[in-house]
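Participant: Quick one: this structure, given as structure tokens, is what I'll be asking you about.
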Amino acid sequence: ASICKGDHNIPDGEVFTAPEKYSVEGHIEFSYPAIRGGNEVDGIYLEFKKGKVVKAKAKKNEKFLKSMLNIDAGSSYLGELGIGVNYNISRYTKNLLFDEKIGGTIHLALGLSFPECTGKNKKNANKSALHWDIVKDLRPQGGGGKVIVDGKIIQKNGKFLI
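Encoded structure:
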């Protein structure tokens with residue numbers, strides 16, 4: 005995992021890592037629109053099997069979402085899991101450099117894994133021309149949620165329990 009501490013962009017406040025390419029299972033419904041190249045995609049639902057998006061829906065701009073998943077062989081795989089830890093940023097702004105760091109949120113990035121997060125086994129790194137962060141609010145105002153690591157809840161409704 006990498007801890008952002010102002011070396012690359014400000015404000016900072018996230019911890020992020022790359023999953024093993026084929027390990028991601030489950031589904032997620034995102035709280036906020038994802039914006040890329042002036043295209044706003046809202047109401048995003050993604051379902052993962054063996055690390056790959058196998059189902060993608062959106063209430064707004066679904067065609068664009070699906071086009072992003074088809075950029076290349078890696079664009080439909082998860083490249084990053086990030087946890088926002090800057091509790092001084094309290095609201096969604098449509099500026100990803102702020103939004104992915106909101107304390108009590110997580111974000112997933114479709115596509116490219118950052119090499120510093122792939123550990124010793126570089127085969128687990130996902131390669132893609134795409135790296136697209138999408139934010140999920142785990143705070144009560146965003147619908148709540150939890151982060152579970154190795155069977156233990158470490159964050160619930162946007163608050164760390166450890």
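Mind the numbering: the sequence shown is residues 5 to 166 in this note's numbering, read in order. Think of the CB as a built atom: it goes at the ideal place given N, C-alpha and C, for glycine as much as any other residue.
1. Using the beta-carbon count (16 or more within 10 Å), is leucine 69 buried or exposed?
2. Reducing DSSP to helix, strand and coil, say where asparagine 128 ends up.
3. Bridge partners of lysine 54, per DSSP?
4. Measure the CB-CB distance between valine 28 and isoleucine 87 and report whether it falls below 8 Å.
5. Between which two residues does the alpha helix (DSSP H) harbouring aspartate 141 extend?
6. Using C-beta distances below 6 Å, list every residue in its chain close to asparagine 128, excluding the 5 sequence neighbours before and after it, in chain order.
7. With 16 other CB atoms within 10 Å as the buried threshold, where does aspartate 137 fall?
8. Please report the residue range of the beta strand (DSSP E) in which lysine 160 lies.
9. How far does the alpha helix (DSSP H) with glutamate 18 in it reach, from first residue to last?
Facilitator: So, from the data block:
1. buried
2. helix
3. In DSSP, lysine 54 forms no bridge with anything.
4. no
5. Premise fails: aspartate 141 lies in the beta strand (DSSP E), 135-141, not in any alpha helix (DSSP H).
6. The residues Glu24, Lys25, Thr122, in chain order, have a CB closer than 6 Å to that of asparagine 128 in the same chain once the five nearest residues on each side in sequence are set aside.
7. buried
8. 156-160
9. Note, glutamate 18: premise wrong, no alpha helix (DSSP H); beta strand (DSSP E) at 18-21.
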